[in-house]
Amino acid sequence: MLRLNDLKLPVDHPPEALRAAVLSRLGMQDHELRGMTVFKRSYDARKRGGILLIYALDLDVLDADAVLKRAKGDLQIGPRPDTSYHFVAAAPSDLALRPVVIGTGPCGLFAGLILAQMGFRPLILERGKAVRERTVDTFGMWRKRVLDPESNVQFGEGGAGTFSDGKLYSQIKDPKHHGRKVLTEFVRAGAPEEILTVNKPHIGTFRLVTMVEHMRASILSLGGEIRFGSRVDDVHIEAGQVRGVTLADGETIRADHVVLAVGHSARDTFEMLHKRGVFMEAKPFSVGFRIEHPQSLIDERRFGPQAGHPLL
Numbered sequence: 441m442l443r444l445n446d447l448k449l450p451v452d453h454p455p456e457a458l459r460a461a462v463l464s465r466l467g468m469q470d471h472e473l474r475g476m477t478v479f480k481r482s483y484d485a486r487k488r489g490g491i492l493l494i495y496a497l498d499l500d501v502l503d504a505d506a507v508l509k510r511a512k513g514d515l516q517i518g519p520r521p522d523t524s525y526h527f528v529a530a531a532p533s534d535l536a537l538r539p540v541v542i543g544t545g546p547c548g549l550f551a552g553l554i555l556a557q558m559g560f561r562p563l564i565l566e567r568g569k570a571v572r573e574r575t576v577d578t579f580g581m582w583r584k585r586v587l588d589p590e591s592n593v594q595f596g597e598g599g600a601g602t603f604s605d606g607k608l609y610s611q612i613k614d615p616k617h618h619g620r621k622v623l624t625e626f627v628r629a630g631a632p633e634e635i636l637t638v639n640k641p642h643i644g645t646f647r648l649v650t651m652v653e654h655m656r657a658s659i660l661s662l663g664g665e666i667r668f669g670s671r672v673d674d675v676h677i678e679a680g681q682v683r684g685v686t687l688a689d690g691e692t693i694r695a696d697h698v699v700l701a702v703g704h705s706a707r708d709t710f711e712m713l714h715k716r717g718v719f720m721e722a723k724p725f726s727v728g729f730r731i732e733h734p735q736s737l738i739d740e741r742r743f744g745p746q747a748g749h750p751l752l
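If you count the sequence shown from 1, you need to add 440 to reach this note's numbering.
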């Protein structure tokens, strides 16, 4: 398989033009191209009225070596990189203690999911409620000014982003393609498949609650356990090694691996960790402003006469 990057076509090109452009770019005959899939699609809207789609394509060709030889010097064609996710370990058959994950925001959910997929049957502890109950509490706060300190826009299954507008951002530098794993799991949980290919993927808030529930179901089906209303009040450390955690109700859980995925608002947890001598450092963050306009207005200003095109 080969990867061809930076193939540009007009935004309103017919479907067959994509294959024709590949054949022309690489000097191939039609029978030499057995198949192709879109890996990524973005657009160049700098020229109003002349918007271009930019494709990265995976190509199944008859003779990859011959194609590469003909395209020698073209830096946009090469072997397809391995974008599959490789697990770093597998759970031993005699696993004594399950890993504990604290928090069910994006970090906690994916930590729990990956651990479950590796066979570790993680125990996931969340101080807040399951996402649908949490949604009721959050809207109760917004509409009736009734605050549940453990179930709100900050605490509960799904994390703070559950009530954002569902944009997805990942690091540009991602040599191991971990972002692809994240997007793939989102699609399995119910996100639109187009997030795997568009340059700026977006899910939409209205899908997030169901997606979080599907991710939880996947973890449970693989032997994981999730406890809601289970605030961790202490972490036990001996000789620099974690030995377990204690919950608000007094229960102590033994563990030799603990993932702290507590978000940025659990100040009581940070205070406890500081007292226990756990190393922490401040994380820089940016502050932005949200200005809302009708989508049609934004599209018209950005795309001109091609506003409303289904691929934009």
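The beta-carbon is built from N, C-alpha and C at its ideal position, and this holds for glycine as well.
Which term fits Phe479, buried or exposed, when burial requires 16 or more other beta carbons within 10 angstroms of its beta carbon? Counting of Cβ neighbours within 10 angstroms places Phe479 among the buried residues, the total reaching 16 or more.
Beta-carbon within less than 8 Å of Arg481's beta-carbon, same chain only, minus the 5 sequence neighbours each way: which residues are those? Leu493, Ile494, Tyr495, Ala496, Thr637, Val638, Asn639 and Leu751
Under the three-state reduction of DSSP, which class applies to His676: helix, strand or coil? strand
Given Ser670, which residues of its chain have a CB within under 7 Å of its CB, disregarding the five upstream and five downstream residues? Leu565, Glu566, Arg567 and Leu687
Tell me which residues share the same chain as Gly467 and place their Cβ nearer than 7 Å to its Cβ, disregarding the 5 neighbours each side in the sequence. Arg510
Beta-carbon proximity list for Thr650, same chain, < 6 Å, skipping 5 on both sides: Gly630
6 Å Cβ shell around Pro734 - same chain, five flanking residues per side excluded: Only residues of its own chain outside the window of five on either side were considered, and among them none has a CB closer than 6 Å to the CB of Pro734.
When the Cα of Leu444 is compared with those of Val675, Leu473 and Ala570, which residue comes out closest? For the residues Val675, Leu473 and Ala570, the minimum Cα distance to Leu444 belongs to Leu473.
Does the segment 578-591 come close enough to the segment 522-536 to have 3 or more Cβ pairs within less than 8 Å? no
Can you pull the DSSP bridge partners for Gly498? Here the sequence assigns Asp to residue 498, which means Gly is not the residue at that position. Arg443 and Thr477, per the DSSP bridge assignment.
Can you check the segment 558-618 for any beta strand (DSSP E) of at least 3 residues that lies completely inside it and give the ranges in chain order? DSSP runs (the beta strand (DSSP E)) wholly in the segment 558-618: 563-566.
Where do the ends of the beta strand (DSSP E) carrying Thr645 lie? From DSSP, Thr645 is part of no beta strand (DSSP E) but of the alpha helix (DSSP H) over Thr645 to Ser661.
For Ser482, write down the residues that DSSP places opposite it in a beta bridge. Ile494
Per DSSP, what kind of secondary structure is Ile432 in: helix, strand or coil? Given a span of 441 to 752 for the chain in the structure shown, any question on residue 432 remains unanswerable.
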